[in-house]
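*Asks:* In the working numbering, the protein residues as written are 1 to 140.
1) Going by other Cβ atoms of all chains shown within 10 Å of its Cβ, with 16 needed for buried, is residue 60 buried or exposed?
2) Count the other CB atoms within 10 Å of the CB of residue 84; is the residue buried (16 or more) or exposed (fewer)?
3) Closest by CA to residue 48, which one among 94, 73, 42 and 33?
4) For residue 127, collect the residues of the same chain with a Cβ closer than 8 Å to its Cβ; drop the 5 residues on either side in sequence, then sort them by chain order.
5) Taking all protein chains shown into account, decide if residue 25 is buried (16 or more other Cβ within 10 angstroms of its Cβ) or exposed.
6) Would you give the residue range spanned by the alpha helix (DSSP H) that residue 140 belongs to?
7) What did DSSP end up calling residue 78 once you bin it into helix, strand or coil?
8) Among the candidates 52, 11, 93 and 29, whose CA atom is the shortest distance from the CA of residue 118?
9) Expressed to the nearest angstrom, what Euclidean distance is found between the alpha-carbon atoms of residue 50 and residue 134?
10) What are the start and end residues of the beta strand (DSSP E) that includes residue 44?
11) Alpha carbon to alpha carbon, what distance is there between residue 15 and residue 136?
12) In angstroms, rounded to a whole number, what distance separates the CA positions of residue 130 and residue 54?
13) Roughly how many angstroms separate the alpha carbons of residue 98 and residue 30, rounded to a whole number?
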């Protein structure tokens, strides 16, 4: 048996999620966790790579790091992704508050229309929180 899987995990079976981060350890960790939920993961290590993947096919959801090669890479990427797929939910993750001492108020961040993200989560990611948000955004 696969042990306990939450209702959210059951209904996320087969969902396609694009994870974008220039931190390869984070990508690998996310891939393992998401595959446990039955999610089909595709990974990109940069904004350019993510935009190529988005051009090929629409994921059901995108999880994207806010700060990659440029400070606002995640903003720009989620903005461009939304132009392509207005319905696709976007989760931005950021280590901003812990790394730089810039206490972004994530609530106000998500409210800024141009950010085009549905949820902003702090790193390190709490998987149960991510799973809950994914379940909510994917309407499961």
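Glycine residues also receive a C-beta, built at the ideal position from the N, C-alpha and C atoms.
*Replies:* Short version:
1) Walking along the chain shown from the start, residue 60 turns up at place 60. With 16 or more Cβ atoms within 10 Å of its Cβ, residue 60 is classed as buried.
2) Position 84 of the chain shown, counting from 1, holds the residue named residue 84. Exposed, because fewer than 16 other Cβ atoms sit within 10 Å of the Cβ of residue 84.
3) Within the chain shown, numbered from 1, the residue matching residue 48 stands at position 48. If we check each option's Cα against that of residue 48, 73 comes out closest.
4) The count along the chain shown starts at 1 and reaches residue 127 at position 127. Excluding sequence neighbours, residue 127 sits near 33.
5) Position 25 of the chain shown holds residue 25. Burial call: exposed.
6) Along the chain shown, read from residue 1 onward, the residue named residue 140 stands at position 140. Counting along the chain, residue 140 falls outside any alpha helix (DSSP H), and DSSP gives it neither H nor E.
7) Here residue 78 refers to the residue found at position 78 when the chain shown is read from its first residue. Note: residue 78 maps to helix in three-state DSSP.
8) On the chain shown, position 118 is the one that residue 118 refers to. Ranking 52, 11, 93 and 29 by Cα distance to residue 118 puts 93 first.
9) Translated into the one-based positions of the chain shown, residue 50 becomes position 50. Translated into the one-based positions of the chain shown, residue 134 becomes position 134. One C-alpha to the other measures close to 19 Å.
10) As a first step, residue 44 must be located in the chain shown, where it is residue number 44. Note, residue 44: beta strand (DSSP E), 40 to 44.
11) Here residue 136 is taken as the residue at index 136 of the chain shown, counted from 1. Here residue 15 is taken as the residue at index 15 of the chain shown, counted from 1. One C-alpha to the other measures close to 13 Å.
12) For the purposes of this step, residue 130 is taken as residue 130 along the chain shown, with counting starting at 1. For the purposes of this step, residue 54 is taken as residue 54 along the chain shown, with counting starting at 1. Residue 130 and residue 54: Cα-Cα distance of roughly 21 Å.
13) Residue mapping note: residue 98 aligns to position 98 of the chain shown, counting from 1. Residue mapping note: residue 30 aligns to position 30 of the chain shown, counting from 1. With a pLDDT of 48 at residue 98, under the threshold of 50, the predicted position of this residue should be treated as unreliable, though the coordinate-derived value follows. Using only the alpha carbons, I get a separation of about 19 Å.
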